[in-house]
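J.: Residue numbers (my numbering), protein chains in the order written: chain A, 1 to 285; chain B, 1 to 159; chain C, 1 to 781. The beta carbon of each residue, even a glycine, is placed where N, CA and C say it ideally should be. One structure follows; several queries about it will come next.
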Amino acid sequence: MLGNFEYRKARSIEEGCQALADAKGTAAILAGGTDLLVEIRNGLKSPKLLIDCKRVEELQNVTLSPTATSIGANVPMNRLIEDRKFRESYPALADALFSIGTYQLRSRATIAGNLCNASPAADSAPVLLVRQAAIEVTGTEGSRTIPMQEFFAGVKRTTLRSDEIVTAIRIPANSALHTAFLKQQRIKGHDLAVVNIAGAYDSDERTLQIAVGSCAPTPVLLDPIHVDASNLQAFSAHVARSVVGSVSPISDVRASATYRNAILPTLAKRIVFQLLGDKEASSNA
Amino acid sequence: MHDIQLTVNGKAERAQVPATMTLLELLRDRFALTGAKEGCGIGECGACTVLLNDVPVTSCLILAVEADGHRVDTIEGEAVCGELSILQQAFIDTGAAQCGFCTPGMIMSARGLLLRKPNPSHEEIVEAIAGNLCRCTGYEAILEAIHLASQRMQDGGAS
Amino acid sequence: MSRELQVVGRPIDRADAIDKVTGAARYTHDLAIPGMLHTALVLSPHASARIVSIDTAKAEALPGVRVVLTGDGLCYQLGLYMQDKCILARDVVRYQGEAVVAIAADTPDIARAASQLVSVEYEELPSVLDPREAMDDGAHLVHPDLHTYDHMQGVFFPKAHSNIAHHQKIRKGDFDQAFANADVRMTASFYNPPVQHVPMETHATIAQALPQQRAELWTSSQSPYTVRHLLSVCFGIPHANLRVHVPYVGGGFGGKAGLGLEPLAYVLSRAANGRPVKVVATREQEFNTLPSRQGLHSTLEIGATRNGKITSLKSTYLWDAGAYADYGVNIGRAAAYSGAGPYSIDNCWIDSYVVYTNKVFGTAYRGFGHLEVLWGIERAMDQMARKLALDPAEFRRRNLLREGDTTITGEPFTPGHGKPQECLDAVAEAIAWGIPSDPPTAPHKVRGKGLAMLHKAPAMPTNTSCAAVIKLDEDGGADVLISGVDYGQGTYTVMRQIAAEELGIAIDKVHITWECDTAFSPYDWQTVASRFAYMGGNAVIEAAADCRSQLRAVVSQALSVPADQLILEGGKVYPSGAPDRAIPYSKLALGYTFENGNSIGGPVIGHGRCIATGLTHLDPDTGQGLPAQFWTYGAHAVEIEVDTQTGEIEVLNIVSALDAGKVLNPKLCVGQVVGGVVQGLGSALWEGFVFDENGRFLNPAFVDYKIPTAKDIPHHSQQILLENPQPGGPYGARGIAEHPMISIPSAIGNALYDALGIEFTTLPLNYERILSRIRERAEAN
């Protein structure tokens, strides 16, 4: 048996919030369980109550509208990855999710769970940051929207109040946005990120925005950079310098700070070329 | 305690379980279905893989209560009336089982794959079992077995 | 063998495969005995500390807790070669992760909860974490009482008042003079970190202490008779009173070769008034508490002539034994006598030290020291080749052992040893050695090729032995009883093939009882060292011959035909030229009955055995002697591609050649090679224990200890099995079980030089290390 807790199925979001509030910080939401149950087993978390909202229908929905895509908090990652339309509309996010864990884990794990676990290396975070996503949450006092940049508070901490449940991740539609995701692992098999990075090129604004994970207490979103595609070598080097200057990786059992600092500029440049490679060609034509 | 009902290998089952019991414990300790194994307890090795509504999952990270109302399929349900499935026979034919400890989980991951993709590509087969660690075989015979099984199924075998 | 083999040499499927693909196979993890208790352990958080006090009162008071044991009440010293280990830590803890308290309770949850109620007070002591420091005078002594420990006399030589558990010496010729006179000289140092076997089934044992000094155990083990023997010696129980069962085993790789959890399970059961007790390692405990493969620091000095002939080799090995050196001392010995690689070297001095440190202890692991020493040897061979401006393959050819040469222990090399050069040539050809690789897949990538030789003999005592029994059944089939354990290698399948071949019956009529039971299965030393196919095979051949001779005797009488005119074929016995007079085995298995009712003979039960022949102890000063029953040689060649911006390495191709003597079952043999190569890749590219500066183990789980997945295997692989027969081997076979893993890291290290021009001397060759060296070199330029 895993730890010492009670379990309760919530039939609605309100019921879930109320149960959270009543537990006064001693309860946790059980979504995919792929982080939470491991932490309970390892003694890192000891909630007295797990609240399961997986039967609440609206948390299972993925809705695409002209202005935004809304991904319900309980949608498992595989469902998104295996949806052709989703992959076509959000290729970088699909790549990021696909890089997480194993097939079995992804059949349970959710984006909401990945974000709420709030590891600095959360693989879904960088793409959501550069896409200006927002997290919809509901508490006993009502619902609010938390912009992605305001969601992480520190290592394994979010800005959620203790009675709030994530209900959906909302990604604004933007046909001018071209995104890419790269992740450095230690092995081809499933692994946490040594470094992960996302880039979004806005072809209307002609700006590039980068977000980096596993190099600071939280994933970091850099300010947009004005794009100069006439000399991608120089531009990518400039982007790389900005990226390195914006984060402070540490050494841990996975990798040294030196390695992270060495990988970062490489990945940053690769993202630039991936997003702008054909722009340089066409601008030099 | 929670009363749960679920279907295991096609058979309706009921149990009374504490919240903290995992699906893996339910299968092994209550239903004596010891095919699924504990290799790590944290979802990293895949030895506990079973199908939950036809989807491969690591049962060590699913609570028994979460399986309430759902269908679970384990290795013990793979053979029908004592007849090995095409997948099981392929594992034998290519020598895909050495010590055998990872084998039930491997076959369940493969079964899940063939259910959603009867004619998978090599990359899809690799991805499907990448979450099942094997220390003995070096994976070649296992990948070959899954290819072989899907070919045989395409060639008109049942399953 | 002049006649054509019917069964041996065929790719027969395993019979056990059906149990494995249906989930019917039951491993110790799956077993439950009525009344069984479950165990939790309290582990030391310190690498080196005195146990000041242990408070177990709260744990004992928890309902459902039946036994709480500490080391105090368990004054036993255990070990096969060196008795340096206790069942639970006594007085001091010697590594972080060492078991200090054991609790047996009605359920695993209660046991775990109770373990959290135990409090232990420690006084931290100095520790020593690096074997090089442990060799210094004044270093903290891990075993101050080393000189009082029993050990195998005449074979192992611990040094009193030091951290040296054993010092193996090889002294062949005069190194100093030959080195001084060499045209070209080099020195290089290498390092292997400790790694773990990672069997998918962690260690597990159930023990039941029975009245009148008896006990019964079910255990995931490679060596039921070693378990029985060591428990007998430790607890003073007569051997026959200890019954050991080994059900299906989920991988061993040497980690389950010796005593693991058995003594603990036994004392818990004894303290629980004979209730059975199950002890199962969690994955974290498998890494942190159960044994590993020793780390190794090696330094090699090599001298050669301008023509590429090695004249002199001096090696110093410092084995990082960890806190206990039981198996470690034998690895230190075996690696020393193998320490020249498969080469002829006239002047060779080796000093192999097995050194205690305050870390988790080492044990046997596939290769038994050979992967570790050949990392150094095969890398140094390439370095020396470069100094001589010789192609690495050619340099090796000039030095491989040939008929007329002697090994460094004075053993003559004969044609029966097999053909290492053929192995080298085969892989060189298959990898297109000497021809540059195809262009890499991107401008920032580079490709390279590397090759490495390997060799190993079974590291076993001079009196290693094995027995087999074959019983014929009423239906004309046969039951084979052996104690070799099949933990994935296919042992049982091969034994069945041999029995079927020798008895002249169909393989599906030959049965091997899967579970080994020391009450019924005849003795075998241990299923390790790649010696069971050889020794067990010979024992089965002899047992079958015994059956045949019994059958002949009865039929001779029944038909009034001389025994030597009888043919045994197709499960029948008949006089030569008169097949119509055949009597099937089914009419002979329990004796033969004449028409009138008279009966002769009786149940046909044949027995056979095999004992190591001609082996000698090694001279303690020179290492001269005959340690090896047979040698198996091989080679690997690899092609890799490296991303010079990230350090990522892609293995494009691995070709492996082994001189198997006789391939008893090609499917199983290839399976062993493919699996061993991938396990070797793990050691080469990813695996290694990480400790903090206080000796705390930092990566005891799959999150941060990575083993290859299906995504990590080479793009392409090839297995070449040569058959130059081994005299004395069954059908000419020699063992190949460990060998595929050996020298994989060496070949990759050599390929990395080819690709990057950088010498790597430390494992694992992970992306970070590769990139770091690339950048270092760029900065230097």
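Take the Cβ of Glu569/C as the centre, count every other Cβ of all protein chains shown within 10 Å, and call the residue buried at 16 or more, exposed below.
T.: By the C-beta density criterion, Glu569/C is exposed, having fewer than 16 other C-beta atoms within 10 angstroms.
J.: Looking at the strands, I want to know which residues DSSP matches up with His70/B.
T.: Under DSSP, no beta-bridge partner is assigned to His70/B.
J.: With a threshold of 7 angstroms on Cβ separation, who are the neighbours of Phe157/C within its own chain once the five nearest residues in sequence on each side are excluded?
T.: The answer, listed in chain order, is His166, His167 and Pro620.
J.: Taking a Cβ distance cut-off of 7 angstroms, strictly less, list which residues of the stretch 46 to 63 of chain B are near chain A, in chain order.
T.: Gly46, Thr49, Val55, Pro56, Val57, Thr58, Leu61, Ile62 and Leu63
J.: Which residues in the same chain have their Cβ closer than 7 angstroms to the Cβ of Glu60/C, if we skip the five residues on either side of it in sequence?
T.: Val68
J.: What is the DSSP secondary structure of Gln208/C, reduced to helix, strand or coil?
T.: strand
J.: Considering only the alpha carbon of each residue, which of Thr138/A, Ala92/A and Val253/A lies closest to His178/A?
T.: Ala92/A
J.: Work out the CA separation of Trp686/C and Thr357/C for me, nearest whole Å.
T.: 23 angstroms
J.: Gly199/A bridges to which residues according to DSSP?
T.: DSSP output for Gly199/A lists Ala180/A and Ile210/A as bridge partner(s).
J.: Give a yes or no on whether 8 angstroms exceeds the smallest Cβ distance from Gln285/C to chain A.
T.: Gln285/C does not count as touching chain A.
J.: Just to confirm, is the Cβ distance from Ile169/A to Leu182/A under 8 angstroms?
T.: no
J.: Quick check on Met288/A: does DSSP put it in helix, strand or coil?
T.: No statement about residue 288/A is possible, as the shown extent of chain A runs from 1 to 285 and does not include it.
J.: CB Ala302/C to CB Met186/C, shorter than 8 angstroms?
T.: For the sequence presented, residue 302/C should be read as Ile rather than Ala. Contact flag set, yes.
J.: Going by other Cβ atoms of all chains shown within 10 Å of its Cβ, with 16 needed for buried, is Gln154/B buried or exposed?
T.: exposed
J.: Counting only Cβ pairs nearer than 7 angstroms, list the residues of chain B close to Ser107/A.
T.: Val55, Pro56 and Val57
J.: Give me the chain A residues within the contact set of Tyr767/C, using Cβ-Cβ distance strictly less than 7 angstroms, ordered along the chain.
T.: Arg186
J.: Kindly say whether Thr137/B, judged by its beta-carbon, lies nearer than 8 angstroms to any beta-carbon of chain A.
T.: No, no contact with chain A.
J.: Indicate the three-state DSSP secondary structure (helix, strand or coil) for Met1/B in the structure shown.
T.: coil
J.: What is the rounded straight-line gap between the Cα of Phe151/A and the Cα of Ser89/A?
T.: 24 angstroms
J.: Residues of chain A with CB under 9 angstroms from Leu763/C, in chain order?
T.: The contacting residues do not exist; Leu763/C stays about 14 angstroms from chain A at best.
J.: Near Asp405/C, which residues of its chain fall below 7 angstroms by C-beta distance, leaving aside the five closest residues on each side in sequence?
T.: Ser344 and Phe413
J.: As an exercise, report each continuous beta strand (DSSP E) stretch of at least 3 residues that is fully enclosed by the stretch 405 to 445 of chain C, in chain order.
T.: none
J.: Checking 8 angstroms against the spacing of the C-beta atoms, do Gly783/C and Tyr585/C come in under that value?
T.: Outside the shown range of chain C, which is 1 to 781, sits residue 783/C, and nothing can be said about it.
J.: Taking Cβ positions only, does Gln84/B come closer than 8 angstroms to chain C?
T.: In the sequence as presented, Gln is not what sits at residue 84/B; that position holds Leu. It does; some Cβ of chain C falls within 8 angstroms.
J.: Measuring straight from C-alpha to C-alpha, what distance separates Gly729/C and Val92/C?
T.: 48 angstroms
J.: The stretch 494 to 521 of chain C: which residues have C-beta closer than 9 angstroms to a C-beta of chain B, in chain order?
T.: none
J.: So, do the stretch 335 to 349 of chain C and the stretch 186 to 196 of chain C have three or more beta carbon pairs nearer to each other than 8 angstroms?
T.: no
J.: Mapping DSSP to helix, strand and coil, what is Asn192/C?
T.: It is a strand residue.
J.: Which of helix, strand or coil does DSSP assign to His238/A?
T.: Helix at His238/A.
J.: Within 10 angstroms of the Cβ of Gly123/A, are there 16 or more other Cβ atoms? Answer buried if so, exposed if not.
T.: Note that residue 123/A is Asp in the sequence shown, not Gly. With 16 or more Cβ atoms within 10 Å of its Cβ, Asp123/A is classed as buried.
J.: Does Lys58/C have its Cβ less than 8 angstroms from a Cβ in chain A?
T.: The beta carbon of Lys58/C does not come within 8 angstroms of any beta carbon belonging to chain A, so the residue lies off that interface.
J.: If you follow the beta strand (DSSP E) that Asp130/C is in, where does it begin and where does it stop?
T.: It is not in any beta strand (DSSP E) - Asp130/C carries neither H nor E in the DSSP assignment.
J.: Would you kindly work out how many angstroms separate the C-alpha atoms of His815/C and Lys278/C, rounded to a whole number?
T.: The structure shown does not extend to residue 815/C, since chain C is modelled only from 1 through 781, so no value can be given for it.
J.: Taking DSSP as the reference, what is the three-state secondary structure of Trp525/C?
T.: DSSP places Trp525/C in coil when its eight states are reduced to three.
J.: In the structure shown, what three-state DSSP assignment does Tyr487/C receive?
T.: coil
J.: For Asn181/C, tell me which candidate among Lys387/C, Pro708/C and Ala304/C has the shortest Cα-Cα distance.
T.: Ala304/C
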